[in-house]
Ligand SMILES: [Zn+2]
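Residue numbers (this note's numbering): 378 to 881.
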């Protein structure tokens, strides 16, 4: 143990000596990168084209294939050494239009169509009874009631907007809806036989005391991914989940769900956070409410699609690669502007800037638009498979898939983190100060499985607003800030330069 430690200490010191400090010219070089991104950047206008000319990019859709052609043409209009497609089959699931659930609740009917005194009485009940999840129940309930004012419907069956989870089976349900706050409550009621032939709302809310919102997402995402698997064995016929968001609004958020072959496949969808609070409130007063649910989605046979790649050849180690990228596909609810149009534009722009300012990389620098990250990872798996087949070595891979918000820093594997920290005084003026241990991402993960020495990196932008728009109809170009996007692209470019200098 001790000799292992000494060996590593010596190795570490020798790395320190070889890669001691940034060069004197690095500070000017970083300034040049940021100037190019902020004064003459291409990321924002290209993202605008992607979002508005192409739009949502669900794997396997005609629109996505049109988008891939656009991406090849767009990248080919720059003077990169090569631009090419990497074909792969992808799954094909489609939503088939907006779905609604209709609910019957005497309290709700009173709230929307009763006499003034009935409405006042119902409102009073709302004020008296606290929501399990919200400090301000009246507000949440009112968001839903306000939304209803703009809808036309039969007052005894009131609509709720749904978004099907990606991969869900379609189906219908008519019967009682039971609200459960988390998996423990689901198991407790399920074991008692209380959920047989019912529908459930899984209503676990984000923990708002987490400073980094990805932690809240991490603990709630299981209800989306495994909700149908958890519930079906108890005889549950359909599931709706509370959307995974910090924001209290009327936009339901989609995302992938899983099934197991041995467990019956039941439909699963999401309701908005404000709707989930309203339903939870009605349930707390009235108990199970009657619902009529119809989900129209379906899965079609797989289809041929592709990753899109642009690269600049390395002048020292052409078969040693530094890859950077994000995913080209998106969910169909919005335009995939933050998730992950921003990520692919960060990396395209980083490659463009390196070329524009005349940098000659030691390694081959590759920008990858991976396909099918959201519901299958087929692009990432094909990329790793072909890399191995072609005897390539990935010295590092960076993924940007946390939105186009102000860059704060990077999460990195330890060997690279150790060296990048030598640059922290040069990075701080650009607001890049969080250099943390970690790294990784869905699309670059398979590279690490092939080669444990590959250094994985994730761009870490500010996370406070990401889940407001994540997988929702609000993930549109208008919600991306030009400067924040450009700063992200420059940050990626600087990180790629450091990797190219520091790694062999
Ligand atoms: Zn993403």
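Beta carbons: idealized from backbone N, C-alpha and C, even for Gly.
Predicted model only: the values in this text are computed from it and were never measured.
Quick check: is the beta carbon of residue i nearer than 8 Å to any beta carbon in chain C?
i           : result
residue 458 : Protein chain content of the structure displayed is limited to a single chain, and chain C is not contained in it.
Nearest to residue i by alpha carbon, out of the options?
i           : options            : result
residue 553 : 576, 881, 740, 680 : 576
residue 692 : 735, 800, 702, 658 : 735
residue 563 : 579, 548, 549      : 579
residue 778 : 748, 797, 802, 806 : 748
residue 681 : 404, 422, 441      : 441
residue 438 : 796, 676, 829, 866 : 676
residue 416 : 871, 859, 878      : 859
residue 685 : 743, 819, 637, 644 : 743
residue 788 : 834, 398, 534      : 834
residue 640 : 604, 424, 759      : 604
residue 760 : 862, 466, 567      : 466
residue 762 : 658, 821, 815      : 821
residue 480 : 536, 449, 612, 566 : 536
residue 828 : 774, 795, 798, 819 : 774
residue 582 : 547, 607, 619      : 619
Going straight from the alpha carbon of residue i to that of residue j, what length do you get?
i           : j           : result
residue 864 : residue 700 : 20 Å
residue 696 : residue 539 : 48 Å
residue 740 : residue 771 : 10 Å
residue 435 : residue 462 : 18 Å
residue 881 : residue 737 : 15 Å
residue 615 : residue 660 : 17 Å
residue 873 : residue 530 : 55 Å
residue 389 : residue 792 : With a pLDDT of 44 at residue 389, under the threshold of 50, the modelled position of that residue is not reliable, and no figure is offered here.
residue 601 : residue 545 : 11 Å
residue 746 : residue 459 : 14 Å
residue 550 : residue 671 : 7 Å
residue 451 : residue 471 : 27 Å
residue 689 : residue 419 : 18 Å
residue 656 : residue 587 : 25 Å
residue 803 : residue 433 : 38 Å
residue 523 : residue 488 : 11 Å
residue 598 : residue 753 : 16 Å
residue 652 : residue 520 : 8 Å
residue 509 : residue 557 : Per-residue confidence for residue 509 stands at a pLDDT of 47, beneath the threshold of 50, marking its modelled position as unreliable; the derived number appears in the next sentence. Whole-angstrom Cα-Cα distance: 11 Å.
residue 589 : residue 494 : 45 Å
residue 429 : residue 642 : 36 Å
residue 571 : residue 475 : 30 Å
residue 469 : residue 634 : 14 Å
residue 757 : residue 724 : 16 Å
residue 630 : residue 848 : 5 Å
residue 410 : residue 879 : 18 Å
residue 694 : residue 413 : 27 Å
residue 525 : residue 647 : 18 Å
Tell me whether residue i is buried or exposed, calling it buried when 16 or more other Cβ atoms sit within 10 Å of its Cβ.
i           : result
residue 649 : buried
residue 610 : exposed
residue 706 : buried
residue 542 : buried
residue 654 : buried
residue 876 : buried
residue 422 : exposed
residue 490 : exposed
residue 637 : exposed
residue 806 : exposed
residue 784 : buried
residue 644 : buried
residue 532 : exposed
residue 528 : exposed
residue 405 : exposed
residue 790 : buried
residue 798 : exposed
residue 574 : exposed
residue 663 : exposed
residue 482 : buried
residue 832 : buried
Query raised in the report: Between the region 662–679 and the region 698–711, are three or more C-beta pairs nearer than 8 Å?
Result: No: the two stretches stay apart, fewer than three of their Cβ pairs being nearer than 8 Å.
**Report entry** Those runs of the beta strand (DSSP E) which lie wholly inside the region 805–842 and span at least 3 residues
**Finding:** 811–814, 832–838
Requested in this report: Mind the definition here: the region 724–736 touches the region 452–459 only if three or more C-beta pairs lie below 8 Å; say whether that holds.
Outcome: Taking a cut-off of 8 Å on C-beta distances, the region 724–736 touches the region 452–459, as three or more cross pairs fall below it.
Report task. Check whether the region 589–597 touches the region 841–848, counting contact only when three or more Cβ pairs, one atom from each stretch, lie closer than 8 Å. Result -> yes
Report task. Taking only runs that begin and end inside the region 518–590, name each unbroken beta strand (DSSP E) of 3 or more residues, in chain order. Result -> 535–541, 548–557, 576–579
Query raised in the report: Does the pairing of the region 758–767 with the region 713–726 give three or more beta-carbon distances under 8 Å?
Result: no
Requested in this report: Report yes or no: do three or more beta-carbon pairs, one from the region 799–814 and one from the region 846–862, lie closer than 8 Å?
Outcome: no
**Report entry** Inside the region 649–705 only - beta strand (DSSP E) runs reaching at least 3 residues
**Finding:** 666–672, 675–689, 694–704
Query - contact_flag[the region 444–452, the region 617–637] where n(CB pairs < 8 Å) is 3 or more - result: Because the criterion of three Cβ pairs below 8 Å is not met, the region 444–452 and the region 617–637 do not touch.
Requested in this report: With a floor of 3 residues, list each beta strand (DSSP E) that falls wholly inside the region 730–799, ordered by position along the chain.
Outcome: Within the region 730–799, the complete beta strand (DSSP E) runs of at least 3 residues are 740–747, 770–776, 784–789.
Requested in this report: Would you mind listing the alpha helix (DSSP H) stretches within the region 404–485 that are 4+ residues and don't spill past its ends, in chain order?
Outcome: 420–426, 439–453
Query raised in the report: Whole beta strand (DSSP E) runs in the region 589–648 with 3 or more residues, listed along the chain?
Result: 615–619, 645–648
Query raised in the report: Who sits around ligand 3, taking every residue whose Cβ is closer than 5 Å to one of its heavy atoms?
Result: Looking for ligand 3 in the displayed structure turns up nothing; the ligands present are ligand 1.
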